[in-house]
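Numbering (my numbering), first residue to last: 208 to 362.
Structure record follows, encoded as structure tokens.
Right under this line is the structure:
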């Protein structure tokens with residue numbers, strides 16, 4: 208990796224390697240790369256995926272029902288990163304960096320409900336979501352603020 212690479216985010220997760228199974232570690236997100244590092248009992252596994260090489264990005268389930276995984280597909284290989292504490296945040300941070308947003312599969316849990324509620328177009332990508340208190344007279348309303356590629360929303 209280039210020496211001037213800056214770390215943007217990191218998330219604890221497991222890389223599901225077909226030959227060895229789950230390798231718990233950290234997914235590092237930089238402007239140009241997804242990097243997974245795992246060190247289990249001295250056995251180090253490093254994966255470096257150029258962001259520009261991603262041809263498909265999708266939220267998937269573990270064991271068919273647990274919504275905690277992301278599938279990253281390149282022309283050469285498919286990666287499964289599982290056991291995210293907050294998959295939606297991780298997914299959104301990766302989407303922000305993709306040069307071609309059309310590689311993103313939009314159907315998913317929280318984001319899909321939000322998309323239906325606000326009737327967002329498929330090209331409108333949810334970039335971030337924050338829990339907030341909206342101040343108005345005579346009080347506060349708890350909710351979420353969402354920033355999409357085309358809107359600022361409150362729900």
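By construction, the Cβ of each residue, glycine as well, lies at the ideal position given by its N, Cα and C atoms.
Treat the numbers as computed from the prediction; the structure is a model and nothing was measured.
Report yes if the CB atom of residue i is closer than 8 Å to the CB atom of residue j, and no otherwise.
i, j, result
"residue 280", "residue 301", "no"
"residue 334", "residue 357", "no"
"residue 232", "residue 244", "yes"
"residue 255", "residue 208", "yes"
"residue 285", "residue 311", "no"
"residue 248", "residue 222", "no"
"residue 299", "residue 220", "no"
On the three-state DSSP scale, how would you describe residue i?
i, result
"residue 254", "strand"
"residue 338", "strand"
Among all the DSSP beta bridges, which residues are the ones paired with residue i?
i, result
"residue 279", "264 and 286"
"residue 222", "230 and 288"
"residue 311", "264"
"residue 330", "Looking at the DSSP assignment, residue 330 forms no beta bridge with any residue, so it has no partner."
"residue 349", "340"
"residue 214", "237"
"residue 247", "250"
"residue 359", "354"
"residue 269", "273"
Kindly indicate which residue of the options has the alpha-carbon position closest to the one of residue i.
i, options, result
"residue 235", "215, 252 and 312", "215"
"residue 353", "345, 255 and 324", "324"
"residue 321", "220, 355 and 248", "355"
"residue 263", "336, 220, 295 and 283", "283"
"residue 295", "307, 268 and 250", "268"
"residue 257", "272, 271 and 239", "239"
"residue 291", "336, 276 and 229", "276"
"residue 351", "343, 337 and 344", "337"
"residue 306", "298, 259 and 344", "259"
"residue 212", "225, 221, 241 and 230", "241"
"residue 362", "346, 345 and 340", "340"
"residue 326", "360, 348, 344 and 225", "360"
For residue i and chain C, any beta-carbon pair shorter than 8 Å?
i, result
"residue 362", "Any reference to chain C falls outside this structure, which holds one protein chain only."
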